[in-house]
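These notes are about the structure you will find just below.
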Amino acid sequence: MPPSEARRTVTRAELVAEHAVPLSTLKWLYRSRDTTGHPEAANPGGKPLAWYEDEWVPWYAQYQRAPGQGRPAGTPSRHAKAHPYAGDERLTAVLGWLGEGRELSARTVQGELAALGHQVSPSVAARILTVAKSVAAAQHPVADAGPAAT
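Shown next as structure tokens:
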């Protein structure tokens, strides 16, 4: 087969980097391939294992679309959401406050959410604030302006 027609293989490290799937999940998916339908390795027993990209990518897309496929019934996919608070009204509220330019601490978030009827622990408030800051940064990246002119 000419090099231009060679099938590209991908390792777990590449799958983690390119598809943001945790390494432990990739190991479980392959180990449980009898139930997950995970493609066979292109180099069984190879170090590192590798898969044909043209087989793995469509399989993984299908795996994500099929609730319960490869998992016990009723167990949600850990990768079904971008983060643990996707669609959560508490996160939406905190994102709104950040959008208003408010300086927030976990304690402030806890109090403000309580005022909205959402009682959360300090650790949950801190987690929601961290996710909100991450989401806000991803939605509105700050361009590096370089050194300030004097």
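For the sequence shown, UniProt numbering begins at 1 and goes up steadily by one. Note that the Cβ used here is the ideal one computed from N, Cα and C, for glycine as well.
Fill in: Buried/exposed call for A132, threshold 16 Cβ in 10 Å
Burial call: buried.
Fill in: Classification of L116 by the beta-carbon crowding that lies within 10 angstroms, buried from 16 upward
Around the beta carbon of L116, fewer than 16 other beta carbons sit within 10 angstroms, so the residue counts as exposed.
Item to complete: Rounded to whole angstroms, what's the CA-CA distance from D34 to W56? Just pull it up for me.
Response: Using only the alpha carbons, I get a separation of about 15 Å.
Worksheet item: Under 7 Å between the Cβ atoms of Q110 and A125?
Response: yes
Discussion item. Please report the distance separating the alpha-carbon of P39 from that of D88.
Written reply: The C-alpha of P39 lies about 34 Å from the C-alpha of D88.
Discussion item. Quick check: is any heavy atom of the ligand MN less than 6 Å from the C-beta of E55?
Written reply: Here there are no bound small molecules, and the ligand MN is not part of this structure.
Worksheet entry | Where Y52 falls: helix, strand or coil (DSSP) | strand
Worksheet item: Where does V135 fall in DSSP's three states?
Response: helix
Fill in: Helix, strand or coil at V94 according to DSSP, with G and I counted as helix
In this structure, V94 counts as helix in the three-state DSSP scheme.
Worksheet entry | Other residues of its chain near E18: CB distance less than 8 Å, five sequence neighbours each side excluded | V10
Discussion item. Taking 7 Å as the threshold (C-beta atoms), are Y52 and A61 in contact?
Written reply: no
Practice prompt. Helix, strand or coil for V10, going by three-state DSSP, please let me know.
Written response: Strand, per DSSP.
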